[in-house]
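Enquirer: Okay, here's the structure, questions in a sec.
Residue numbers (UniProt numbering): 1 to 264.
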């Protein structure tokens, strides 16, 4: 099931497999347009009206540490889920990915202490501005680490999140959402929807209340093109400009705009 507004939400299901033996591990709720809208509404309401904005950076850091301690407590089951659902060796998750997950969250919460050293000849000021509602898509290959990279800093900077887990490996993100609920963080801060790109992925990219889109190029080149096309259409039809972060890795990616002289 999905987790929206800190509540499990049932629905039509998709199967999560163990790719090593081809057996079904679990059935999880397949997100649809209605689920996406509910998740974005919850994130927007929490950002605009809820307690997340009223919590100090220090208090927010304590809540993140409390959540990270829960991840440590449930390390074995998270590692097992990751290994079964992605087909990777148990030791890879246990010795690399889970430690990286908790390390990233414990590092992200330090933003409330961040200062810039400066000598007497310079005036230095750092302005940290939240995005508000961030939409994030994680790929199938490293669900733990990708979730930590994308969620940790976004939470530390006072944003609310709608996370789309991939349909191939959704179990880690859903279990993390359950632990997030146990850590007593406010409803609507982290919302998790699992499903396919053409349905919930496209609905998220095209939603008017989403202010930033972040995704890994590994989610698929086709989905990447669809997301960029949707954001382009939204800009020209509504004049709403979304921020877009893409992790492009090593594929010799090139961004070509309409003014580019490609033949030259």
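Beta carbons are placed, not taken as given, at the ideal position from N, Cα and C, and that holds for glycine.
Quantities reported herein were computed from a predicted structural model and do not represent experimental measurements.
Per DSSP, residue 122 forms a beta bridge with which residues?
Expert: None; residue 122 has no bridge partner.
Enquirer: Inspect the beta-carbon positions of residue 72 and residue 102 and report whether they are closer than 8 Å.
Expert: Going by C-beta atoms, residue 72 is nearer than 8 Å to residue 102.
Enquirer: To the nearest angstrom, how far is it from the Cα of residue 56 to the Cα of residue 22?
Expert: Looking at the two C-alpha atoms, the distance is approximately 47 Å.
Enquirer: Report the option in 196, 180, 66 and 152 whose CA atom is closest to the CA atom of residue 169.
Expert: 196
Enquirer: Looking only at its chain, what residues have a beta carbon closer than 8 Å to the beta carbon of residue 182, apart from the 5 residues adjacent to it on each side?
Expert: 70
Enquirer: By how many angstroms is the C-alpha of residue 189 removed from the C-alpha of residue 134?
Expert: 10 Å
Enquirer: Spatial neighbours of residue 44 within its chain, please: CB distance less than 6 Å, with the 5 preceding and 5 following residues excluded, ordered by chain position.
Expert: 133 and 209
Enquirer: Suppose the cutoff is 8 Å on Cβ atoms and the five residues either side in sequence are ignored; what does the same chain contact list for residue 12 look like?
Expert: 29, 30 and 32
Enquirer: Since residue 144 is in the beta strand (DSSP E), which residue starts that stretch and which ends it?
Expert: From DSSP, residue 144 is part of no beta strand (DSSP E) but of the alpha helix (DSSP H) over 143-156.
Enquirer: Among 109, 85 and 143, which residue has its Cα nearest to the Cα of residue 66?
Expert: 109
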